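Q:
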Amino acid sequence: MDPTTAKVYLRKMLDYELETVYTIKLQISDKGYPIQRTSTTLLNINVKDVNDNSPKCEDTYLTETIQETKRQDTVIKYMKCSDADAGNNGKLSYEIVQGDYAKFSIQAGYVLLRREIDADTEPTVWPLKIQVSDRGDSRNSILVDLIIYVEGVDDNAPVWVSSSQGGNYSA
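Quick note: the sequence shown uses the UniProt record's numbering, first residue 1, plus one each step.
What follows is the structure in structure tokens.
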């Protein structure tokens, strides 16, 4: 505090996530003689929250292997993400910004299989790019890559094929 003007200055930046209110006891004295008079008051400083933190995820490159027998609406992967801000500034939203929207969806960090995959007739590698954003007025975001590998399983019965040249078959 400036002793002449009584202006209060900060020595360091304040962080809403660490402390939301500061209370300072101020004392002022006159130069009276022979009796010096003093007065005290409390000054409350309410820290305003700003969106000063970006979302963070445990990993920004993820892989997951699933079998082709996974059913619709099965959880494939949970993304562990957080934001150190408070309120809407710290709430996260997830969006697939690149990849197959018909096969996959994301809800609250859970990547879901929307439609079953047949490894015999469809690709076995599915890359997704997921944007994780906070809900602040000035949004901060991060991109996460998720590669989903699909393993085939023995889910087809054998088929007899007749020989055009004839022949004997034995088992």
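Glycine included, every Cβ here is placed at the ideal spot set by N, Cα and C. Since this is a predicted model, take the numbers as computed values, not measurements.
Among Val150, Asp154 and Tyr61, which residue has its Cα nearest to the Cα of Ile130?
A: When only C-alpha atoms are compared, the closest one is Tyr61.
Q: Would you mind working out which of Glu64, Val97, Leu42 and Asp73 sits nearest Gln27, comparing C-alpha positions?
A: The residue with the shortest Cα to Cα distance from Gln27 is Leu42.
Q: Check whether the segment 61 to 72 and the segment 83 to 90 are in contact - that is, three or more C-beta pairs closer than 8 Å.
A: With the cut-off at 8 Å, the segment 61 to 72 and the segment 83 to 90 do not touch.
Q: Near Ser39, what residues of its chain come up, given a Cβ to Cβ distance below 6 Å and the 5 sequence neighbours on each side ignored?
A: Excluding residues within five positions, the ones whose Cβ falls inside 6 Å are Ile28.
Q: Quick one: what's Ile35 bridged to in DSSP?
A: Ile35 pairs with nothing; no bridge assigned.
Q: Three or more C-beta pairs closer than 8 Å, one from the segment 126 to 145 and one from the segment 49 to 56: is that the case here?
A: Yes, since at least three Cβ pairs between the segment 126 to 145 and the segment 49 to 56 fall closer than 8 Å, the two stretches touch.
Q: Note the first and the last residue of the continuous beta strand (DSSP E) segment covering Tyr61.
A: Start and end: Tyr61 to Gln67.
Q: Given 8 Å as the limit, tell me if Glu17 has its C-beta closer than that to any heavy atom belonging to the ligand MN.
A: Looking for the ligand MN in the displayed structure turns up nothing, as the structure carries no ligands at all.
Q: Going by DSSP, which residues form a beta bridge with Gln98?
A: DSSP, once it has assigned bridges, lists Lys129 as partnering Gln98.
Q: Grab me the residues of Val118's own chain with a C-beta within less than 7 Å of its C-beta, minus the 5 sequence neighbours each way, in chain order.
A: Per the sequence presented here, residue 118 reads as Asp, with Val not at that position. The answer, listed in chain order, is Glu68.
Q: By the DSSP assignment, the beta strand (DSSP E) with Glu151 in it spans what residues?
A: Here the beta strand (DSSP E) through Glu151 covers Ser141 to Glu151.
Q: Identify the continuous beta strand (DSSP E) that holds Thr23 and give its terminal residues.
A: Here the beta strand (DSSP E) through Thr23 covers Val21 to Ser29.
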